[in-house]
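Chemist: Next up is a structure, given as structure tokens.
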Amino acid sequence: MADINVDVLVIGAGPTGLGAAKRLNHINGPSWLILDSNEKAGGLASTDVTPEGFLYDVGGHVIFSHYKYFDDCIDEALPKEDDWYTHQRISYVRYKNLWVPYPFQNNISMLPKDDQVKCIDGLIDAALEHRVNNSKPKDFDEWILRICGEGVADIFMRPYNFKVWAVPTTKMQCQWLGERVAAPDVKLVTRNVILNKTAGNWGPNATFRFPARDGTGGIWIAVSDTLPVEKKRYGKKGEVTKVDAAKKLVTLQDGTTIGYDKLINTMAVDHLVEKMGNKELITLSKGLYYSSTHVIGVGIRGERPERIGDKCWLYFPEDNCPFYRATIFSNYSPYNQPQKDAKLPTLYLADGSKAPSSDAKEGPYWSIMLEVSQSTMKPVDEENLLKDCIQGLINTDMIKAEDEIVSTYHRKFDHGYPTPALEREGVLKELLPKLQDMDIWSRGRFGSWRYEVGNQDHSFMLGVEAVDNIVNGAVELTLNYPDFVNSRPNAERRLAQSFVFGGASKELPSRARK
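In the working numbering, the protein residues as written are 1009 to 1522.
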């Protein structure tokens, strides 16, 4: 005897859950409800605000898209021109006190001569070996060597990827790569070294959008606001404590029970199987590996320095700082930090020394957001991490020792990156179908655990496509064919399309109200 009954229940109001809810609302067929334990939508794409008024996203999020339906939905939520800023990605790798344009492996012309020689030697060796090699690389490390050679591997790819993933490259598979890593063109690289030129922008996010106000989280709050209030249950009253797959019954923290016919789960799949109490699936999920992410924010008084300029995000492969990436968050929107006339006291100087005065003073202000990974293979001194990161900013010439720190932020996200470990596909190919046999579609960054379709647009469409699969059996392209969706404009679905929902009673009987 459930308190509430729906045809489709959606757990989680991050991008994937909202994609599912948006599609269900658009189709206007099966009854549905969306739950989230947080008071506001966004999940791992939300934004925090410090007491001083600095905004920080949950890691480095920007909007670039492979799908027209995704574009339609966020444009509906934030429709005005001044809701957005559009940026050209200006991205560098910090190496030996140099700023090397991204991607590193295409710009070795910027390196010292001995490093150039080492990298070109490796690239030529890799190209020659590629001609005769007819087997697939067994892991990410072997893929790096075959594509980039030993020089680029040792100087950048191995140390940087360990800092990102918190596991060695030898413990990662390489099927996930697709458009994620630029394969260098040996002729172009050699030509650029001789002519002392750099390669241009590469990748799907060379141009990106960012919301003018409220950070990335503001997008998802706005998308959530387009959904009917009565079909959303957020906060403590939306917190799931138990999933009974046999009875198709979800129990919430306040004791409410919800009966469902189909369940779209977007919480981490290892958390889901724990709430199901299914020992077989719990054991299976132990084969999935993830790393935690620490997001560190530093708010600084003063004009943004010329050496920082209009840089967007920056990569740090060396061991002179704990972070692997820094985002100049104040460059994305002037509303990501307090306005110039806001008066703030200085907490301390960057070198840790006491501020000359404790009086609150006006700005201007700028900010940096840092990301640090952590795993059992890469421990982190959490207590001193903020201090170590600020010292790392000094070490890499991002800030000066005498800079005035007016605000700091530190938050740990236990599930940060779903690791494409060697064991991943073996687990997912067993786990996801077993759940689907129970009428549970587990989707999303950690719901389906595929990093290669873990961006905001992918995550949203995982939810949309799960609904279409439930309603009419449509193939879930994003989940099953990542390289396909990443290589084409996906314009089949549009928000303007209308649905005449007939025959649903045959395919998906409306759950009886008991």
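Each residue gets a CB set at the ideal place from its N, CA and C atoms; glycine is no exception.
#1: By how many angstroms is the C-alpha of Val1479 removed from the C-alpha of Glu1187?
#2: Just to confirm, is the Cβ distance from Tyr1297 to Glu1431 under 9 Å?
#3: Please report how far the alpha carbon of Asn1286 lies from the alpha carbon of Val1237, in whole angstroms.
#4: Relative to the C-alpha of Lys1104, which candidate in Lys1437, Cys1329, Ser1073 has its C-alpha closest?
#5: Span of the beta strand (DSSP E) holding Tyr1525?
#6: Is Pro1176 helix, strand or coil when you go by DSSP?
#7: Helix, strand or coil for Gln1113? Go by DSSP, reduced to three states.
#8: At 3 residues or longer, what runs of the beta strand (DSSP E) sit wholly inside the region 1312–1354?
#9: Out of Lys1171, Leu1131, Leu1440, Tyr1340, which has the shortest C-alpha to C-alpha gap to Gln1382?
#10: Looking only at C-alpha atoms, which of Ser1143, Arg1154, Arg1241 sits nearest to Leu1043?
#11: Assuming contact is defined by CB atoms lying nearer than 9 Å, are Gly1022 and Ala1350 in contact in what I supplied?
#12: Is it buried or exposed for Thr1427, if we count other Cβ within 10 angstroms and need 16 for buried?
#13: Whose CA, out of Phe1507, Asp1396, Gly1317, Ala1358, lies closest to the CA of Asp1327?
#14: Does the region 1247–1258 touch the region 1270–1286, meaning 3 or more C-beta pairs lie closer than 8 Å?
#15: How is Val1479 classed by DSSP in three states: helix, strand or coil?
#16: Grab the span of the alpha helix (DSSP H) containing Asp1233 for me, first residue to last.
#17: Can you grab the Cα-Cα spacing for the pair Ala1253 / Ile1308, in whole Å?
#18: With H, G and I counted as helix, E and B as strand and the rest as coil, what does DSSP make of Arg1451?
#19: Just the C-alpha distance for Asn1114 and Gly1068, rounded to the nearest angstrom, thanks.
#20: Where does the unbroken beta strand (DSSP E) through Thr1309 begin, and where does it stop?
#21: Check the C-beta distance from Arg1097 over to Ala1214 and give it rounded, since I have them as a contact under 8 Å.
#22: To which residues of the same chain is Leu1032 closer than 8 Å at the C-beta, ignoring the five residues directly before and after it?
#23: Is it the case that the Cβ atoms of Phe1324 and Thr1416 are separated by a distance below 9 Å?
#24: Only counting the same chain, and skipping five residues up and downstream in sequence, which positions put a Cβ closer than 7 Å to that of Ala1512?
Modeler: The structure says:
#1: For Glu1187, the predicted model reports a pLDDT of 47, less than 50, meaning its position is unreliable; a value from the coordinates is still stated below. Answer to the nearest angstrom: the Cα atoms are 31 Å apart.
#2: yes
#3: 33 Å
#4: Cys1329
#5: Absent from the structure is residue 1525, since the part of the chain shown begins at 1009 and ends at 1522.
#6: coil
#7: helix
#8: 1321–1323, 1333–1335
#9: Lys1171
#10: Arg1241
#11: no
#12: buried
#13: Asp1396
#14: yes
#15: helix
#16: 1223–1233
#17: 51 Å
#18: coil
#19: 23 Å
#20: For the record, residue 1309 in the displayed sequence is Arg; it is not Thr. Start and end: 1298–1309.
#21: 5 Å
#22: Val1016, Val1018, Pro1038, Trp1040, Val1475
#23: no
#24: Caution applies to Ala1512, whose pLDDT of 44 falls short of 50 and renders its modelled position unreliable; the value that the coordinates give is listed next. Gly1037, Pro1038.
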